[in-house]
Amino acid sequence: MGCPLCSQHHHLAESGDDRALADLASQIKEANTARQRDILRATRAQLRLEADLDRKLRRSLRAAKSAISDAVRGAADSGDLQSLRNMRRTDLDEWLLEAGLADLVLDITEAERDTLSNVEQLLLASDIGFDVNAIEGVGQALADDTLSGIIDDVIIPDTQRAVRDALAGAVFTADPAEVIGSLDAALRSAEGRQITEARTKIASFGRELTAVAAEAAGINHYLYVGPLDGITRAFCRELVGKTFTQTQVQALRNSQIEPPLVRGGGYNCRHSWAPVSEELIESAGLDKGTNADVRRANQRAKAER
322 MGCPLCSQHH HLAESGDDRA LADLASQIKE ANTARQRDIL RATRAQLRLE ADLDRKLRRS
382 LRAAKSAISD AVRGAADSGD LQSLRNMRRT DLDEWLLEAG LADLVLDITE AERDTLSNVE
442 QLLLASDIGF DVNAIEGVGQ ALADDTLSGI IDDVIIPDTQ RAVRDALAGA VFTADPAEVI
502 GSLDAALRSA EGRQITEART KIASFGRELT AVAAEAAGIN HYLYVGPLDG ITRAFCRELV
562 GKTFTQTQVQ ALRNSQIEPP LVRGGGYNCR HSWAPVSEEL IESAGLDKGT NADVRRANQR
622 AKAER
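In the working numbering, the protein residues as written are 322 to 626.
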């Protein structure tokens, strides 16, 4: 049986992505300059990548869950559940990867590679004197941290907890089907959070790469780009389409642990910061954000907590 909440989360995500992509397509048509259009195209490409990652991870997670359930069922049928219960955490981690979670590593690595390419296009469009060598080494380190943050800090612990809880419950029942049913339910319930964490961390990876390159190029103005639709956060709504100085960006408070330059508006934020020169701001007629905009955005974020 499918999970109604997981299905609802999936359809809401797809609907939101479709609306966001359509809104960005409209913004591209209305852009004043070719460089502004290129910035928006790179932003749209990243959002499409994140939507594709959502689908890939969902597919890989479900395949992994099925394989893990089959493996636990096999252990139950052979009376070997105790060996799984006795596994050390590191051994169970390896067992879960071999059972199917390893495919998720490939999905995330591919998304990181494509994100790096999109960031390069965004920076080239921004015309900031971008040098790809400025982010290559840092990019790999950030990619490693991002991958670990998704797999080691979210997906494996969630899955291990579900398996251990199901195995603990098996002590009180002799019915393997009951054990597997409990495991399947726990694995399904974690899916939405895992997808959200993965998308958020990949988006943050792209923003952090962009910030590193902007700092290396000595740029201190940023354009907040992304969709402006029915599900845009009030915090982001105050900022989209406006440029801000680095000092103003640093004054933003999104009520999240990570700052807006990395996290945007928060979980599942679909917006990006494009470094822009003062010349581009003037030639494209970009709106300049004010300190009042910053204060309003901060107030909106605080009110939405």
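For each residue, glycine too, the CB sits at the ideal point set by N, CA and C.
For residue i, the three-state DSSP class (helix, strand or coil)
i, result
"residue 546", "strand"
"residue 327", "At residue 327 the pLDDT is 44, less than 50, meaning the model places this residue with poor confidence and gives no usable figure here."
"residue 608", "strand"
"residue 526", "helix"
"residue 621", "helix"
"residue 514", "helix"
"residue 322", "Reliability fails at residue 322, whose pLDDT of 43 lies under 50, so the model's placement of it is uncertain and no value is given."
"residue 338", "helix"
Closest by C-alpha distance to residue i, when choosing among the options
i, options, result
"residue 342", "373, 455, 382", "373"
"residue 593", "545, 605, 517, 626", "545"
"residue 421", "375, 486, 380", "380"
"residue 621", "571, 356, 575, 472", "575"
"residue 347", "472, 549, 535", "549"
"residue 463", "429, 404, 403", "429"
"residue 619", "569, 426, 601", "569"
"residue 500", "490, 371, 508", "490"
"residue 339", "444, 551, 555", "551"
"residue 370", "476, 511, 438", "438"
"residue 540", "352, 440, 444", "444"
"residue 406", "440, 483, 433, 385", "483"
Unbroken alpha helix (DSSP H) run spanning residue i, endpoints
i, result
"residue 447", "423–447"
"residue 454", "454–471"
"residue 477", "477–490"
Contact belief for residue i with residue j at Cβ below 8 angstroms, rounded distance in angstroms
i, j, result
"residue 520", "residue 583", "With a Cβ gap of about 14 angstroms, residue 520 and residue 583 do not count as contacting."
"residue 522", "residue 470", "5 angstroms"
"residue 456", "residue 534", "5 angstroms"
Near the ligand NAD: residue i beta-carbon under 6 angstroms from a heavy atom
i, result
"residue 434", "This structure does not include the ligand NAD; it has no bound ligands of any sort."
If we require 3 or more residues per run, which beta strand (DSSP E) segments fall completely within the stretch 545–595?
563–566
Report the start-end ranges of each alpha helix (DSSP H) in the stretch 360–433 that is 4 residues or longer and not cut off at the edges.
402–406, 410–417
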